[in-house]
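> Residue numbers (the working numbering), protein chains in the order written: chain A, 339 to 557; chain B, 18 to 235. Glycine included, each C-beta is placed from N, C-alpha and C at the ideal position. What follows is a single structure, and I will ask about it in a moment.
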Amino acid sequence: MELSIIFEYAPMLLQGLQLTIVISIGGIICSLTLGSVLVALSRSGIRALVILVRVYTEIILGIPVLVLLYLIYFVLPEVGIRFAEIPTGLLTLTLYYSPYMAEIIRGAINAIPTGQIEAARTVGMSNFQIAKRIMVPQALGLAIPPLTGICIGLVKDSALLSIISVHEFAYQTKQAVARTFAPFELWAFVALCYWAILSIWEVVMRKVERRVTRYRETG
Amino acid sequence: MFNTELFFNSIPILASAAVVTFKLFVCCVCLSLMFGTLSVMLQLSNNRCGYWLSRTYVSLMRGTPLLVQLFVVFFGLPLLGIKGQAFLAAALAIGLNSGAYTTEILRAGIQNVPVGHLEAATSIGMSRLRTWTRVVFPQAFTVSLPALTNEFTIVLKSTPLASVVAVTELTYAGVIIQARAFSAIEIFLPIAIGYIAIALSFTQLARWLERRLRDFHT
Numbered sequence: 339m340e341l342s343i344i345f346e347y348a349p350m351l352l353q354g355l356q357l358t359i360v361i362s363i364g365g366i367i368c369s370l371t372l373g374s375v376l377v378a379l380s381r382s383g384i385r386a387l388v389i390l391v392r393v394y395t396e397i398i399l400g401i402p403v404l405v406l407l408y409l410i411y412f413v414l415p416e417v418g419i420r421f422a423e424i425p426t427g428l429l430t431l432t433l434y435y436s437p438y439m440a441e442i443i444r445g446a447i448n449a450i451p452t453g454q455i456e457a458a459r460t461v462g463m464s465n466f467q468i469a470k471r472i473m474v475p476q477a478l479g480l481a482i483p484p485l486t487g488i489c490i491g492l493v494k495d496s497a498l499l500s501i502i503s504v505h506e507f508a509y510q511t512k513q514a515v516a517r518t519f520a521p522f523e524l525w526a527f528v529a530l531c532y533w534a535i536l537s538i539w540e541v542v543m544r545k546v547e548r549r550v551t552r553y554r555e556t557g
Numbered sequence: 018m019f020n021t022e023l024f025f026n027s028i029p030i031l032a033s034a035a036v037v038t039f040k041l042f043v044c045c046v047c048l049s050l051m052f053g054t055l056s057v058m059l060q061l062s063n064n065r066c067g068y069w070l071s072r073t074y075v076s077l078m079r080g081t082p083l084l085v086q087l088f089v090v091f092f093g094l095p096l097l098g099i100k101g102q103a104f105l106a107a108a109l110a111i112g113l114n115s116g117a118y119t120t121e122i123l124r125a126g127i128q129n130v131p132v133g134h135l136e137a138a139t140s141i142g143m144s145r146l147r148t149w150t151r152v153v154f155p156q157a158f159t160v161s162l163p164a165l166t167n168e169f170t171i172v173l174k175s176t177p178l179a180s181v182v183a184v185t186e187l188t189y190a191g192v193i194i195q196a197r198a199f200s201a202i203e204i205f206l207p208i209a210i211g212y213i214a215i216a217l218s219f220t221q222l223a224r225w226l227e228r229r230l231r232d233f234h235t
């Protein structure tokens with residue numbers, strides 16, 4: 339065990355970690371957005387759109403992320419659509435995770451009793467007011483725990499982008515391993531880093547959830 | 018744009034690689050169930066040490082990327098004297114990873130069994146082992162089945178990761194052919210469709226099993 343190697347290569351690894359964080363945040367924002375769009379489309383009542391979303395979801399549920407990554411990285415350029423590495427990675431994460439996000443958002447919205455929305459309408463609330471006062475506060479509390487899980491999945495899968503040489507955490511580790519021949523120490527260290535960050539994130543989100551669902555305690 | 022010759026030529030190679038994927042999948046599922054059962058027994062035992070061991074295992078597996086776990090196992094095995102076993106490393110890593118999720122699923126299933134059933138079993142004189150095999154496990158398994166199916170679909174979708182340690186499963190075979198032929202669409206499109214088809218048929222099979230078990234229990 340040569341732990342000094344870790345300190346020696348720490349700056350290089352940290353650089354990768356930065357990119358991992360940036361890509362993860364980007365991926366989470368993009369897939370949440372696309373996920374919301376998917377929910378809106380499947381609630382639009384237009385049959386063709388509903389079926390389209392359904393087929394897309396089924397495809398994503400059956401396809402491995404790595405295969406999706408290769409489809410975008412190798413196959414799309416052959417039909418004339420070319421992206422750089424980082425956009426390819428972001429696109430993969432977005433396309434892969436948005437149906438899962440959509441599923442969670444849809445579940446949270448459906449869990450709100452229709453009676454409440456009807457009641458809000460009878461007291462003369464506008465659609466915007468209903469969304470802001472009735473739906474979002476309740477749906478948020480329901481959606482945060484599963485969304486946290488999915489986001490953790492997204493952060494973990496961003497390590498796959500090292501395969502198409504996006505210079506993120508795992509890629510930088512591979513580089514360090516190639517130079518030092520100390521693979522076990524480095525990979526174990528990186529695993530601990532991921533674990534620490536994701537555990538903190540989980541704790542923070544649990545706090546956020548408790549804050550958002552305060553209304554349940556007083557009622 | 019679509020080279021049919023390449024497509025047909027690569028089918029035999031892809032088919033034999035699909036067999037490797039299937040073997041890997043079966044190994045991973047068995048390991049996952051094994052680790053999951055062991056870890057859930059530790060967690061529900063009254064041993065504090067075992068409880069924390071199991072909790073740490075679950076948290077560690079859920080908090081780190083599978084890719085990183087795979088490399089840790091792959092480079093960790095030689096330190097234990099096992100060298101050059103890429104398939105073993107991949108199966109072990111995916112099995113360990115999935116075992117953590119299986120633990121949680123089985124725990125929910127077991128806690129779902131009413132305490133009254135346990136008490137009833139004890140009062141008619143069943144031994145502890147018999148209570149587990151006849152009362153707790155069959156019920157817990159039936160309740161957990163949908164979640165387990167989900168988890169094993171994820172395991173199937175994790176098997177392509179074995180390609181990074183050069184196990185020639187379906188995806189890696191695709192990468193190799195692609196690198197030689199300089200053409201991807203004829204290879205990755207069938208592979209993607211193959212995975213979707215396998216995942217769909219697996220879910221259907223599990224649905225069928227679920228229905229059978231439900232009829233059996235009621």
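Can the beta-carbon of Y509(A) be found closer than 8 Å to that of S500(A)?
yes
> Where L165(B) and I122(B) are concerned, what is the direct C-alpha to C-alpha distance, given to the nearest angstrom?
7 Å
> Alpha carbons only, please: which of E227(B), C66(B) and I204(B) is nearest the one belonging to F14(B)?
A question about residue 14(B) goes unanswered here, because the residues of chain B that appear run from 18 up to 235.
> Nearest-angstrom Cα distance between M543(A) and R549(A)?
10 Å
> State buried or exposed for K174(B), treating a residue as buried only when at least 16 other CB atoms are found within 10 Å of its CB.
By the Cβ-count criterion, K174(B) is buried, with 16 or more other Cβ atoms from all chains shown falling within 10 Å of its own Cβ.
> Please report the distance separating the alpha-carbon of N465(A) from that of I384(A).
20 Å
> Checking contacts by CB at 8 Å: is K494(A) closer than that to chain B?
Chain B contact via Cβ: present.
> From the DSSP output, in three-state form, read off K100(B) for me.
coil
> Determine the DSSP secondary structure at G142(B), reduced to helix, strand or coil.
coil
> DSSP three-state label for G418(A), please.
coil
> Give every residue of the same chain whose Cβ lies closer than 6 Å to the Cβ of L409(A), excluding the five residues on either side of it in the sequence, and list them in chain order.
There are no such residues.
> Roughly how far, in whole angstroms, is the beta-carbon of A252(B) from the beta-carbon of G400(A), given that I think they are within contact range, below 8 Å?
The structure shown does not extend to residue 252(B), since chain B spans only 18 to 235, so no value can be given for it.
> Quick check on the DSSP output: what are the complete alpha helix (DSSP H) runs of length 4 or more inside the region 54–137 of chain B, in order along the chain?
65–80, 83–93 and 103–128
> Provide the residue span of the alpha helix (DSSP H) that contains G364(A), from first to last.
S342 to S380
> Can you pull the chain A neighbours of L226(B), defined as C-beta to C-beta under 7 Å?
Going along chain A, no residue has its Cβ under 7 Å from L226(B), so there is no contact; the nearest lies around 19 Å.
> Using alpha carbons as the reference points, say which of E136(B), F169(B), P177(B) and A190(B) lies closest to A223(B).
Among E136(B), F169(B), P177(B) and A190(B), the Cα nearest to that of A223(B) belongs to F169(B).
> Residue ranges of each beta strand (DSSP E) run of no fewer than 3 residues wholly in the region 472–541 of chain A, ordered along the chain?
Restricting attention to beta strand (DSSP E) runs no shorter than 3 residues, the region 472–541 of chain A encloses none.
> Taking K545(A) as the reference, which of Q513(A), P483(A) and I419(A) has the closest Cα?
P483(A)
> Starting from the C-beta of F104(B), find all residues in its chain whose C-beta is less than 6 Å away, skip the five residues before and the five after it, and write them out in chain order.
V184
> Are the C-beta of E416(A) and some C-beta of chain B separated by less than 8 Å?
Yes, its Cβ sits closer than 8 Å to a Cβ of chain B.
> Can G67(B) and W533(A) be called in contact, C-beta distance under 8 Å?
no
> Is F421(A) close to chain B, meaning its C-beta is less than 8 Å from at least one C-beta of that chain?
no
> Using a Cβ-Cβ cut-off of less than 7 Å, list which residues of the region 518–540 of chain A approach chain B; keep chain order.
P521, F522, W525, A526, V528, A529, Y532, W533, L536 and S537
> Identify which residue in T38(B), T21(B) and P29(B) has its Cα closest to the Cα of Y212(B).
Among T38(B), T21(B) and P29(B), the Cα nearest to that of Y212(B) belongs to T38(B).
> Could you compute how far the alpha carbon of G418(A) sits from the alpha carbon of I202(B)?
12 Å
> Relative to the C-alpha of R459(A), which candidate in N448(A), A449(A), A446(A) and M473(A) has its C-alpha closest?
M473(A)
> Considering only residues of the region 164–210 of chain B, which uninterrupted alpha helix (DSSP H) runs meet the minimum length of 4 residues and lie entirely inside it, listed in chain order?
As far as the region 164–210 of chain B is concerned, its whole alpha helix (DSSP H) runs of at least 4 residues are 187–198.
> Residues of chain A with CB under 7 Å from I28(B), in chain order?
The contacting residues do not exist; I28(B) stays about 17 Å from chain A at best.
> In chain A, which residues lie with their C-beta within 8 Å of the C-beta of Y212(B)?
G400, I401, P402 and V405
> For A508(A), would you say it is in contact with chain B, using Cβ-to-Cβ distances shorter than 8 Å as the test?
Yes - at least one Cβ of chain B is within 8 Å of the one on A508(A).
> When Cβ atoms are compared, which residues of the region 448–480 of chain A fall closer than 7 Å to chain B?
none
> Measuring only between beta-carbons, confirm whether L41(B) sits less than 8 Å from chain A.
no
> With DSSP run on the structure shown, which of helix, strand or coil describes N26(B)?
N26(B) falls in the helix class under three-state DSSP.
> Is the CB-CB distance between V377(A) and I443(A) below 8 Å?
yes
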